[in-house]
Structure formats: structure tokens, C-alpha cells
Amino acid sequence: MLRVIAVLGKISLRHPNIVCRCLSSCTGESGLVFRPLLEPTHIAKLDSPSPADFSSEVLGRDSDSGDAKLYPRIVTGLTKNWPASRKWSTIGSLLSERTAHLSVPVELGKKNVGYNIDASMTYTGETEALGAPSWQRTDIRFDLFVQLLESGRLEEEGLVAYLSQVSIDEIPPLEEDVQLPLPHTPQLAANPNLWIGSKGTYTPIHRDILGHNLLFQLLGTKHVRLYPPTQYSRLYISTDPFLRNTSLIPFDHSFDRSRWPLFGEVDEWYECIIGPGDALFMPKGWYHSVWALEKSISVNSWFL
1 MLRVIAVLGK ISLRHPNIVC RCLSSCTGES GLVFRPLLEP THIAKLDSPS
51 PADFSSEVLG RDSDSGDAKL YPRIVTGLTK NWPASRKWST IGSLLSERTA
101 HLSVPVELGK KNVGYNIDAS MTYTGETEAL GAPSWQRTDI RFDLFVQLLE
151 SGRLEEEGLV AYLSQVSIDE IPPLEEDVQL PLPHTPQLAA NPNLWIGSKG
201 TYTPIHRDIL GHNLLFQLLG TKHVRLYPPT QYSRLYISTD PFLRNTSLIP
251 FDHSFDRSRW PLFGEVDEWY ECIIGPGDAL FMPKGWYHSV WALEKSISVN
301 SWFL
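Position 196, counted from 1, in the sequence shown is what the UniProt record's numbering calls 196; the numbers after and before it change by one each time, with no gaps.
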């Protein structure tokens with residue numbers, strides 16, 4: 001835990017200028033806007049569909065659909081029989097004798113700032129603020145990670161801790177609480193992933209290439225924005241091999257239009273807030289960002 005506290009102390013001094021810009025959505029600082037100019041498109045909700053209805057209405061797999069374009073959908077009822085829906089009522093409820101001692105990878109950094117921050121600053125010429133990375137990944141015991149989230153210290157310091165995209169089979173007791181694959185999506189493209197984090201964790205605009213994605217929300221709420229592949233030229237996608245599917249825009253909920261003018265011209269985008277019991281369907285290849293409004297637990301599953 002001392003090592004984690006030391007890392008947090010260093011991160012709190014990183015890139016003060018960019019962090020202030022990213023957080024200024026709460027201050028009303030001039031020059032920043034909170035979304036593209038056009039209004040987002042509404043995401044339709046489908047309540048407790050059967051596998052056949054999911055296939056037809058979400059995936060367009062009926063005899064008349066042909067190559068129908070797919071769209072994001074909020075689907076409810078898919079996790080109602082999962083033990084996780086009953087047991088994961090708090091972050092602390094994940095702790096047990098079987099999970100406490102496990103070592104897990106955790107990302108530590110500033111709230112509302114994603115892993116693309118250093119590349120973003122290089123792109124905009126703000127190299128004078130560059131130094132050590134603005135977020136770091138470290139391995140800690142699961143019980144210490146939970147204590148860190150529950151302590152309140154992160155919120156006080158404007159920091160976040162995030163167990164992100166960890167294959168759920170690395171924490172077997174939690175894997176037992178999740179029933180995947182679903183009959184609605186029998187062919188998985190990869191193992192399901194677990195996401196556990198504090199308020200303010202942010203994954204920048206990016207796209208998944210493994211398959212369609214279902215993001216199951218089990219605790220807390222997340223604000224998700226989605227952009228179809230047709231908006232590629234307006235999203236400032238990095239050419240760096242490490243970030244090849246990720247935008248350089250540091251925070252799409254508060255951005256400087258003078259630095260990212262094309263992003264303001266996005267003419268098709270979607271957004272929603274998902275909470276416990278919701279699953280968000282994201283078609284393969286769609287760009288999306290995910291921002292945690294509270295402490296949260298999510299599971300995602302890519303499928304074919």
C-alpha cells in the first residue's frame with residue numbers, strides 16, 4: 001500500500017495545465033465546449049428480449065435485414081439472473097477470503113483523464129509539460145485496491161484507481177458470479193473483462209476490433225458516448241501503433257474547439273447513461289468513450 005500511496009503522490013503533480021483544462025467542464029472556463037455542435041441521437045431501449053428478439057432487433061439477423069446497419073441499443077434484463085446482480089451491491093462486497101490476497105493490475109491517475117493524455121499533449125505541442133507518465137499501472141493486492149476505493153482519499157486528491165479490462169477468469173470467485181456466454185450471444189470473441197473503479201475514471205474515444213460489444217453495468221453509473229465509423233476523419237485517431245484505435249482528444253466532455261476543430265463538426269453521435277441492470281450494445285468498429293459518474297463495476301463481453 002505504501003508503494004501505491006507513493007505513486008499517487010507523484011501523479012498528483014503531473015501535467016497541471018492539461019488537467020485543469022480537462023476538469024474545466026465544471027468551471028465554465030471560456031473556450032471549452034462540452035460536445036459536438038449537433039445534438040446526439042437517442043439510443044433506443046429494449047427490455048428483457050428473448051434470444052430471438054435480440055438477434056432480430058439488435059443484430060438485424062432476420063430474413064429481410066440483409067446488410068442492415070447496426071446501432072447502439074440499451075438492453076435490460078440480461079443480468080437479472082446473475083449472482084453478481086444480487087451480491088455486488090458495493091465495491092466492498094467483492095472482498096472475500098478467496099479474493100483478498102489476489103494480485104491485480106490497477107491504473108492510477110488523475111480523474112477525467114485517459115491513457116492517451118501524453119500523446120494528446122505531444123500532438124498539440126504542449127511538450128513543455130511532458131515528463132513522467134500522467135498515469136501508471138501497478139500490481140497490488142485486491143483487498144488493498146478495494147480499501148483504496150472505499151477510503152475516500154482518491155476523491156479528496158482528484159485521483160482515480162481503475163482495474164480495467166482484466167480478464168474475469170483472473171479472479172475466479174467473481175467469474176462464478178457472472179453467467180457468460182448468454183444464450184443471446186453464444187459465440188464469444190474473447191474472455192469477458194472486469195472493470196472496477198472510482199468516480200472519474202475515463203476511457204478516451206476508441207474502437208474495439210474483436211467483435212460486437214456488450215457492456216454490462218452492475219454498480220454505479222457511466223456516461224457513454226458513441227461515434228459511428230463514418231466519423232473517423234473528425235475524431236483525430238492516433239497513428240501511433242500503441243494507440244492505433246484511439247483518439248488523441250483528451251476528454252470529449254470538455255474540449256477546446258480551437259485545438260480540435262473537426263471534432264466539433266461530428267454530425268452523428270449517440271450518448272447515454274447506463275446503470276445497474278443495463279447492458280449497452282456497441283456494434284463492432286464503433287468509436288466510444290466511457291466516463292464513470294460514480295464508483296462502478298462493469299463487465300464487458302465481445303461476441304461474434
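Beta carbons: idealized from backbone N, C-alpha and C, even for Gly.
Remember, predicted model here, so these are calculated numbers, not experimental data.
Starting from Tyr123, trace the beta strand (DSSP E) in both directions and tell me its first and last residue.
Counting along the chain, Tyr123 falls outside any beta strand (DSSP E), though it belongs to the alpha helix (DSSP H) covering Ile117 to Tyr123.
Look at Gly200 and Ala292 and say whether their C-beta atoms are less than 8 Å apart.
The answer is yes: Cβ separation under 8 Å.
Using 10 angstroms around the beta-carbon of Phe255, count the other beta-carbons present and answer buried if the total reaches 16, otherwise exposed.
When all chains shown are included, Phe255 counts as buried.
Reducing DSSP to helix, strand and coil, say where Gly92 ends up.
Helix, per DSSP.
Taking Gln147 as part of the alpha helix (DSSP H), name the residues at either end of that continuous run.
Taken as a continuous stretch (DSSP letters only), the alpha helix (DSSP H) holding Gln147 covers Phe142 to Ser151.
Give the DSSP-derived three-state secondary structure of Asp169 in the structure shown.
Looking at Asp169 - three-state DSSP - the assignment turns out to be helix.
Would you kindly work out how many angstroms separate the C-alpha atoms of Trp260 and Ala68, rounded to a whole number?
Roughly 32 Å separates the two Cα atoms.
At a cut of 8 Å, does the stretch 224 to 232 reach the stretch 136 to 151 through at least three beta carbon pairs?
No: fewer than three Cβ pairs fall under 8 Å.
Using a Cβ-Cβ cutoff of less than 6 Å, which residues in the same chain neighbour Leu180 once the five nearest sequence positions on both sides are dropped?
So the list reads Pro192 and Ser301, once near-sequence residues are dropped.
Counting only the same chain and skipping the five closest in sequence on each side, list residues whose C-beta sits under 7 Å from that of Pro40.
Only Trp269, Tyr270 and Glu271 meet the Cβ criterion.
Using the DSSP secondary-structure output, state which residues sit across from Thr203 in a beta bridge.
Note: Thr203 sits in a beta bridge opposite Val290.
Is Asp278 near Ile91, with beta carbons less than 8 Å apart?
Not closer than 8 Å, so no.
Let me confirm a value: Gln217 is counted as buried when at least 16 other C-beta atoms fall within 10 Å, else exposed. Which label applies?
By the 10 Å Cβ count, Gln217 comes out buried.
May I ask you to verify whether the stretch 106 to 113 touches the stretch 144 to 164, counting CB pairs closer than 8 Å and requiring at least 3?
Because the criterion of three Cβ pairs below 8 Å is met, the stretch 106 to 113 and the stretch 144 to 164 touch.
Can you tell me which of the three DSSP states Tyr227 falls into?
In this structure, Tyr227 counts as strand in the three-state DSSP scheme.
Sorted by chain position, which residues of the same chain lie with C-beta nearer than 8 Å to Ser103's C-beta, five sequence neighbours on each side aside?
Correct list, in chain order: Asp139, Ile140, Arg141 and Phe142.
Looking at the secondary structure, which residues open and close the alpha helix (DSSP H) in which Arg86 lies?
Pro83 to Lys87 is the span of the alpha helix (DSSP H), which, as asked, contains Arg86.
Flag this pair as yes or no: are the beta carbons of Lys284 and Gly211 separated by less than 8 Å?
Going by C-beta atoms, Lys284 is nearer than 8 Å to Gly211.
Could you check whether the stretch 74 to 88 touches the stretch 32 to 49, counting it as contact only if at least three pairs of C-beta atoms, one from each stretch, sit closer than 8 Å?
They touch, by the three-pair rule.
Leu194 and Leu163: beta carbons closer than 8 Å?
Yes, the pair counts as a contact, with Cβ atoms nearer than the cut-off.
If I follow the unbroken beta strand (DSSP E) through His212, where does it start and stop?
From DSSP, the beta strand (DSSP E) with His212 extends over His212 to Leu219.
Could you please give the first and the last residue of the uninterrupted beta strand (DSSP E) stretch that includes Gly109?
Residues Ser103 to Lys110.
Quick one: using the 10 Å Cβ neighbour count with 16 as the cut-off for buried, is Lys222 buried or exposed?
Buried, since its Cβ has 16 or more Cβ neighbours within 10 Å.
Kindly list the residues whose CB is nearer than 7 Å to the CB of Ser30, restricted to its own chain and excluding five residues on each side of it in sequence; keep chain order.
Confidence is the limiting factor: at Ser30 the pLDDT is only 48, short of 50, which leaves the residue's position unreliable, though a coordinate-based value still follows. So no residue of the chain qualifies.
Using a Cβ-Cβ cutoff of less than 6 Å, which residues in the same chain neighbour Val290 once the five nearest sequence positions on both sides are dropped?
So the qualifying residues of the chain are Thr203, Lys222 and Val224.
Could you give the C-beta distance for Ile249 and Ile205, rounded to a whole number, given that I count them as a contact under 8 Å?
Right, the Cβ-Cβ distance comes to about 6 Å (below 8 Å), so this counts as a contact.
Here's a check: name, in chain order, each residue in its chain whose Cβ is nearer than 6 Å to the Cβ of Leu148, leaving out the five neighbours to either side.
Around Leu148: Ala161.
Per DSSP, Trp302 forms a beta bridge with which residues?
Answer is Asn213, bridged to Trp302.
If I measure Cβ to Cβ from Gly264 and keep anything under 6 Å in the same chain, skipping five residues before and after, which residues do I get?
Cβ neighbours of Gly264 beyond the five flanking positions: Pro36, Leu37 and Arg257.
For Phe303 and Leu144, I'd like the C-alpha separation in whole angstroms.
Near 33 Å, if we compare the C-alpha coordinates of Leu144 and Phe303.
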